[in-house]
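As you go down the protein sequences, you meet chains A and B in turn.
Note that our numbering numbers the first sequence so that position 257 is 266, with each residue one more than the last.
Note that our numbering numbers the second sequence so that position 59 is 161, with each residue one more than the last.
Even glycine gets a Cβ: it sits at the ideal position worked out from N, Cα and C.
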Amino acid sequence: MNYSLTILILLIPFCVFLFNGLLGMKFKPVISGLIGTTGLGIITVISYLTAWQYFFVDGMVDGSFPKVTAMSMHWLTLTPSLTIDMGILLDPISVMMLVVISTVSFMVHIYSLGYMKGEKGFERFYAFLSLFSFSMLGLVVATNIFQMYIFWELVGVSSFLLIGFYYTKDSAVAASKKAFIVTRFADLGFLIGILVLSYFTKTFDFNVLTGEDHSIFASTAGVSFLGMSVMTWAALLIFMGGAGKSAMFPLHIWLPDAMEGPTPVSALIHAATMVVAGVFLVARMFPVFYFQAPDALTVISYVGGFTSLFAAVIACTQYDIKRVLAFSTLSQIGYMMLALGVSGYEGHEGVGYMASMFHLFTHAMFKALLFLGAGSIIHAVHSNVMQDMGGLRKYLPITHMTFLIACLTIAGVPFLSGFFSKDEILVAAFEHNKILFAVEFLVAGLTAFYMFRLYFNIFWGKEKHYHHTPHESPLTMTIPLMILAFGSIFAGYIPFSKLVTADSMPFVTHLDYAIAIPSVLIGLIGIGIAWLLYKKESLIPEKISKALGGFYQAVYHKFYIDEVYIFITKKIIFNYVSRPVAWFDRHIVDGTMNGIGWLTVTSSKGIKGLQSGNLPQYGMVFVLAAIILVLVFAFLI
Amino acid sequence: MLEGIPITHVLIVSAFMFFAGVCGFIIRRNMITILMSIELILNAVNINLVVFNKYLFPDQLQGHFFALFVVGIAAAEASVAIALIINIYRRLSSISVDKVNEMKY
Numbered sequence: 010m011n012y013s014l015t016i017l018i019l020l021i022p023f024c025v026f027l028f029n030g031l032l033g034m035k036f037k038p039v040i041s042g043l044i045g046t047t048g049l050g051i052i053t054v055i056s057y058l059t060a061w062q063y064f065f066v067d068g069m070v071d072g073s074f075p076k077v078t079a080m081s082m083h084w085l086t087l088t089p090s091l092t093i094d095m096g097i098l099l100d101p102i103s104v105m106m107l108v109v110i111s112t113v114s115f116m117v118h119i120y121s122l123g124y125m126k127g128e129k130g131f132e133r134f135y136a137f138l139s140l141f142s143f144s145m146l147g148l149v150v151a152t153n154i155f156q157m158y159i160f161w162e163l164v165g166v167s168s169f170l171l172i173g174f175y176y177t178k179d180s181a182v183a184a185s186k187k188a189f190i191v192t193r194f195a196d197l198g199f200l201i202g203i204l205v206l207s208y209f210t211k212t213f214d215f216n217v218l219t220g221e222d223h224s225i226f227a228s229t230a231g232v233s234f235l236g237m238s239v240m241t242w243a244a245l246l247i248f249m250g251g252a253g254k255s256a257m258f259p260l261h262i263w264l265p266d267a268m269e270g271p272t273p274v275s276a277l278i279h280a281a282t283m284v285v286a287g288v289f290l291v292a293r294m295f296p297v298f299y300f301q302a303p304d305a306l307t308v309i310s311y312v313g314g315f316t317s318l319f320a321a322v323i324a325c326t327q328y329d330i331k332r333v334l335a336f337s338t339l340s341q342i343g344y345m346m347l348a349l350g351v352s353g354y355e356g357h358e359g360v361g362y363m364a365s366m367f368h369l370f371t372h373a374m375f376k377a378l379l380f381l382g383a384g385s386i387i388h389a390v391h392s393n394v395m396q397d398m399g400g401l402r403k404y405l406p407i408t409h410m411t412f413l414i415a416c417l418t419i420a421g422v423p424f425l426s427g428f429f430s431k432d433e434i435l436v437a438a439f440e441h442n443k444i445l446f447a448v449e450f451l452v453a454g455l456t457a458f459y460m461f462r463l464y465f466n467i468f469w470g471k472e473k474h475y476h477h478t479p480h481e482s483p484l485t486m487t488i489p490l491m492i493l494a495f496g497s498i499f500a501g502y503i504p505f506s507k508l509v510t511a512d513s514m515p516f517v518t519h520l521d522y523a524i525a526i527p528s529v530l531i532g533l534i535g536i537g538i539a540w541l542l543y544k545k546e547s548l549i550p551e552k553i554s555k556a557l558g559g560f561y562q563a564v565y566h567k568f569y570i571d572e573v574y575i576f577i578t579k580k581i582i583f584n585y586v587s588r589p590v591a592w593f594d595r596h597i598v599d600g601t602m603n604g605i606g607w608l609t610v611t612s613s614k615g616i617k618g619l620q621s622g623n624l625p626q627y628g629m630v631f632v633l634a635a636i637i638l639v640l641v642f643a644f645l646i
Numbered sequence: 103m104l105e106g107i108p109i110t111h112v113l114i115v116s117a118f119m120f121f122a123g124v125c126g127f128i129i130r131r132n133m134i135t136i137l138m139s140i141e142l143i144l145n146a147v148n149i150n151l152v153v154f155n156k157y158l159f160p161d162q163l164q165g166h167f168f169a170l171f172v173v174g175i176a177a178a179e180a181s182v183a184i185a186l187i188i189n190i191y192r193r194l195s196s197i198s199v200d201k202v203n204e205m206k207y
C-alpha cells in the first residue's frame, strides 16, 4: 500500500504551470507545448499505475474498496478538533476521475500542439492548461470539503482564463465573465452549504462525513429552517455549487457561451472534466445526501431530468456546431445528475450511482472526441456554423470516421460504450420513477436525432463553396481522435459495477433487455429521422420549423432564458436594488465619512493658531490660566 | 534681622518681585532678560519660603533648606538655559524669542 507517487500528480502540473507561465515566453513556443505534454504524459502513466494498484493489486478489504488517504497534512487549525487539511484521498471515484482527467487532458495537450500552432500566446495557453489540470486533479483527490472548495475555485479561475483566451475578442471576454460570475454565484451557495454542514458536524473530512458513523449528524436532528430540515438546506446549497459548475438549469446559461474559448479547451473543460465536477461533488457527498437529505436527492433527480430534456430540445435547433455539442453536454450531465438522484445505496439499489459514474467515464471519452472532431472540422473550414459545411467526408476521412463513431456512441448504438452506460441509467430511472424514465427515454431519441442532424449536415449534404479545399488535420490532431475513438468503443466493457459503486461493494448487473431494446429502437428512430431530413439538402426541415412557428422560435432562442436573466438583472435588480444601495452608499455611508473628515480639517484649521511658537504668548496663557485657577480655588471651593 | 518688620511688608516685596518677573517673562523679547525674569520669580519664592519659616515655625529649618535647594536648581537651570541660548545664537545670529518660532505645529 504505497501511493507516494500520487503526490507527483499534483506537483508536476503545478511546476509546469509555473515554468510555462513565468519562463515560457523566453523559449520557442513549441518547447512549452512539449513540456506541458510530457508532464501530462507522466501524470497519465502515474494515474494508470495508481488505478491499477488500487483496483487490482491492493483490491478490496473485507469485501469493499477502502478509502485510502495517501497523503495528508494540516494546513489550517481552526479549533483543535476542526482543521483544514490538504491531502490525497483515493477511493473508487477519485481514482476513476484521475484516469478520466489525465487521459482527456493528455489527449487535449497533444491535440493542441496541432490546433493552436502559430497562435499568439501559445505558451500562455499551455500554462493555463497545466493550471487547469492541477486544479481539477486536486479537486478530485481532495480529502475534505474545504480543500475541494479551494480547488473548485481554482478550476473556475482556469476556466475563466481559458474561455477568455482570445482576450481581444469582445464576445470571448463577455463569455468568460459570464461563466465566472454565474459559477461564482453558485459557489456562494456551496460555501454557505459547507459552513452549515461543518457548523453542525464539526468536521470537513470526507472520511468522517461519508463514513459509517452517523452520530455526527445527531446535532442536526429537529433543527429546521423555513420548513425544511437543516441538512436538506445544507445539501441543497452544496448542490447549488454543483449545479453551477455542471451547468444545470437554471444556472446553465454560461456553458453555451463558454464555447468562445479555443476548441480543445471546450473539449477538456466544458465537456469532459470541469462540468462533471458537480456530478462528482454529489457522488462524493452521496452518503450524506442519501441518509441525511433524501429530499435533496429528489430535487437533484428532477433538476437533472428537466435539464436533460430542456437542453436536448434546444440542441435540435442550433446551427453553431460547438453550441449543439454544448447543449448535448448539458443534456448528458442531466442524465448523470438524474441517475444520482434516483440511486439507492446498498448493493443493486445503488445502480444509479454506478450508472452515473459509468456514464461520466464514457461521456468524457466520446464528448471529448466530438469536441476535438469539431475542432478538426473548424480547423479545416474556418467556420463554426453548420450552413458553411457539407460534404466534408471526402476531405476529412479520419475526422469523419471518428466523429461517426462518437455520434453512434452517444446515440446509444449497441456494443459501443454509450449504450452500456445509458442503459444502466435508464434501468435506474425505471426502477425508481416512471415519469423521469419516460423523460430520459424521450431524450435518448432526441439525442440520436440532433447528433445525426449535426453529422449529416457536416459530412453529407451538398458541398459548399470553400475558400480553399479543406484538408485533413495534421497527425498531432488525428492521433488523439483515434485514441479517443478507441476509448469510446471499448470503455463500455469496463465492469463498473465491480469497481465503482455507492457502498464500494461490487454487485452484479446484466443488460435489461426490456429497457435496452426500446432505447436502442428510439435511438435508431432518431437517427432515421435525421437521415430522412438532412442526408440530402431539402426544404423539409425549414417547413417543419415554419409549421412549429412560435415554439420553434422559442427553442431557437433557448427559451429566452438569457433574456430573462438580463431582464431580471438589468431591469429589476439594477433599478430596484443596486441603485438605491448605490445611492445609500454614496450619500449616507460616504457622506458620514466625508463629514467626519471635513469636521476634523475645519476644526484643526481653527485651533492651529493656538500653537504659534510664540513664547511670550505661551507665557501669557500660562499665567492667565494660573490666575484663573487660583481665583477658582479661592472663591468657589 | 527681621525683628520689627511685619510679615506683610516682606510678602509685599516678594509679591512685587514675583509679578515683576512674570511681566518680564511675558513682555521682554531678549532671552537673557527672560532668563533673568525667571530668576526673579524663583527668588520671590525663596523669600516667601524663608519668611514663612521664620514667622510661622521659627524653631524649624525646612524652609531655609528649601530655599537653598531652589538656589542650586536655579543655578543649574540657568546654565542649561544659557547653553541653549548660545546654541540658538550660533544658529540664528539672534537671541530674540520672535525668531525662535520654528517649533510650532
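Contact set between residue i and chain B, taken where Cβ atoms lie within less than 7 Å
i	result
residue 623(A)	203
Chain B within 9 Å of residue i, Cβ atoms only
i	result
residue 632(A)	yes
residue 628(A)	yes
First through last residue of the beta strand (DSSP E) which encompasses residue i
i	result
residue 84(A)	77 to 86
residue 200(B)	Neither: residue 200(B) is in no beta strand (DSSP E) and is coded neither H nor E.
residue 99(A)	92 to 99
Closest residue to residue i among the options (Cα-Cα distance)
i	options	result
residue 139(B)	152(B), 155(B), 118(B) and 157(B)	118(B)
residue 306(A)	336(A), 271(A), 345(A) and 273(A)	345(A)
residue 317(A)	503(A), 343(A) and 403(A)	343(A)
residue 429(A)	394(A), 525(A), 446(A) and 129(A)	525(A)
residue 574(A)	258(A), 540(A), 621(A) and 471(A)	258(A)
residue 399(A)	41(A), 546(A), 354(A) and 445(A)	546(A)
residue 334(A)	496(A), 267(A) and 204(A)	267(A)
residue 362(A)	544(A), 303(A) and 510(A)	510(A)
Interface flag, residue i vs chain A, CB-CB below 9 Å
i	result
residue 118(B)	no
residue 193(B)	no
residue 127(B)	yes
residue 200(B)	yes
residue 197(B)	no
residue 136(B)	yes
residue 173(B)	no
residue 124(B)	yes
Assigned exposure category for residue i - 16 Cβ within 10 Å defines buried
i	result
residue 236(A)	exposed
residue 105(B)	exposed
residue 469(A)	buried
residue 195(B)	exposed
residue 383(A)	buried
residue 609(A)	exposed
residue 167(B)	exposed
residue 82(A)	exposed
residue 192(B)	exposed
residue 106(A)	buried
residue 543(A)	buried
residue 368(A)	buried
Unbroken alpha helix (DSSP H) run spanning residue i, endpoints
i	result
residue 470(A)	Looking at the DSSP string, residue 470(A) is not in any alpha helix (DSSP H), and its letter there is neither H nor E.
residue 609(A)	599 to 616
residue 173(A)	Per DSSP, residue 173(A) belongs to no alpha helix (DSSP H) and is neither H nor E.
residue 338(A)	330 to 350
residue 376(A)	360 to 390
residue 133(B)	133 to 158
residue 475(A)	Premise fails: residue 475(A) is in no alpha helix (DSSP H) and is neither H nor E.
residue 416(A)	406 to 420
residue 325(A)	No alpha helix (DSSP H) holds residue 325(A); DSSP gives it neither H nor E.
residue 543(A)	522 to 543
residue 41(A)	38 to 61
Contact test: residue i Cβ vs the ligand MG heavy atom, cutoff 8 Å
i	result
residue 60(A)	Of ligands this structure carries none, so the ligand MG is not represented either.
Under 7 Å from the C-beta of residue i: neighbouring residues of chain A
i	result
residue 112(B)	Correct list: empty, because the minimum Cβ distance to chain A is about 20 Å.
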